[in-house]
Amino acid sequence: MRSSAAVLCRDHASLEKLNATLCEVGIRMVPCPSREEALELVLAGRCSTLIVDFDLPAAEEVVRMAALLPKAQKPVLLAVASGSWPGTGEAFHSGANRILYRPLDAQQIKDALKSSRKATKKTQRKSARYQMKALVHLEVGTRTLPAISLDVSEHGMAVQAPEPVPISSDLAFRCVLPGTNLAFGGHAEVIWASDHGRAGMFFSELSSAARKHLKSWLRRRAHGKHKDAAHALLPPESDHVSFAAAGE
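In terms of our numbering, the sequence shown opens at residue 184 and continues consecutively.
Pasting the structure below:
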């Protein structure tokens, strides 16, 4: 199966150059009409590369989200910039592996792909997300904040709380997996939080028992009706959203 590149771009000249060059190196270009579709492809493990045009609104948010994924799930991240501020500044700080400057050149695209693809090729894998409605207890400082889970994967979950969830790199949580009496909990990194109480978290520490319980629950869901779209992981466009700083 050929590798795929999710491309969030509206510029026709750039799209034509990207498509021609990607085809040359055996990568299928998948144009994405929205940030949601681009991130869904990334989260489902269906693309090995994400290319985002930083002339588009919210481009930085898309790359930041992808940059915060676990290494096993993270694609090659390429930013397209026009060489002017603020696009170039945002691209530098977004977590992108490389920046492609307009006018795009086939060789610079190939060089960027070559320098990044080898390190990530062996670690690409799917990470399906499933709808999960459960009461989740978040340990915020000295108090417990109740929340409702929206969806979950092997790597993280999205929740809805009655108030904004603080950005944190070490948030303790606990819940009971729906349809079971299995306790599930650990620590997570809050990678984004909206002012309406919705938040996206990636698991940073799970016990072997908790991870085993989650994998078992996800396997049962995989053999059920179908996996749900990953919209719940994404920040609502109508909300003011805070993001964690992108790491390595």
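Ideal Cβ positions, reconstructed from N, Cα and C, are used throughout, including at glycine.
Item	Value
Within the segment 294-381, ranges of the beta strand (DSSP E) (whole runs, at least 3 residues)	318-323, 326-335, 339-343, 354-359 and 366-377
Per-residue DSSP class, three states only, for Ser265	coil
Three-state secondary structure (DSSP) of Arg247	helix
Nearest candidate by alpha-carbon position, reference Val342, set Leu365, Arg281, Ala227 and Ala371	Ala371
Closest by C-alpha distance to His338, when choosing among Ala227, Ala203, Cys192 and Tyr284	Ala227
Simplified DSSP assignment, three categories, for Lys410	A caution first: Lys410 carries a pLDDT of 47, below 50, which makes its placement in the model unreliable, though a value can still be read off. In the structure shown, Lys410 sits in coil (DSSP, three-state: anything other than H, G, I, E or B).
Where the alpha helix (DSSP H) containing Ser433 begins and where it ends	Outside the displayed range of the chain (184 to 431) lies residue 433, so it cannot be described from this structure.
Whole-angstrom distance between Leu354 and Ser387, CA atom to CA atom	9 angstroms
Cutoff 8 angstroms; reference Pro329; Cβ partners in own chain excluding five residues on either side	Leu318, Val319, His320, Leu321, Ala344 and Pro345
Touching by the beta-carbon criterion (3+ pairs, under 8 angstroms), the segment 359-371 and the segment 388-402	yes
Candidates Arg404, Glu207 and Ser377: closest to Ala289 by CA position	Glu207
Run of the beta strand (DSSP E) containing Leu191, from where it starts to where it stops	Ser186 to Leu191
Contact check, Val225 vs Ala262, beta carbons under 9 angstroms	no
Leu224: first and last residue of the uninterrupted beta strand (DSSP E) it sits in	Unbroken run through Leu224 is the alpha helix (DSSP H), Arg218 to Leu226; no beta strand (DSSP E).
Leu283 - containing alpha helix (DSSP H), residue span	No alpha helix (DSSP H) contains Leu283, which is instead part of the beta strand (DSSP E) from Arg281 to Tyr284.
Cut-off 7 angstroms between Cβ atoms - residues of its own chain near His396, not counting five sequence neighbours on either side	Leu360, Leu365 and Phe367
Beta-bridge partners of Asp236, as assigned by DSSP	Val263
Residues near Val437 in its chain [Cβ-Cβ closer than 7 angstroms; skip 5 each side]	This structure cannot speak to residue 437, because the chain is shown only from 184 to 431.
Where the alpha helix (DSSP H) containing Cys206 begins and where it ends	His195 to Glu207
Local conformation of Glu431 per DSSP, three classes	Model confidence at Glu431 stands at a pLDDT of 42, short of 50, so the residue's coordinates are unreliable; what they give is reported in the following sentence. Here Glu431 sits in coil by DSSP.
Cβ-Cβ distance between Val245 and Leu191 below 9 angstroms	yes
Pair within 9 angstroms by beta-carbon distance, Val175 and Ser352	Nothing can be reported for residue 175, as the shown portion of the chain is limited to 184 through 431.
Closer than 8 angstroms: Ala317 CB and nearest the ligand GTP heavy atom	Inclusion of the ligand GTP in the displayed structure is not the case, the ligand content being empty and no account of it being possible.
Arg312 versus Arg403, Asp294, Tyr284 and Ser187, residue with shortest Cα-Cα distance	Arg403
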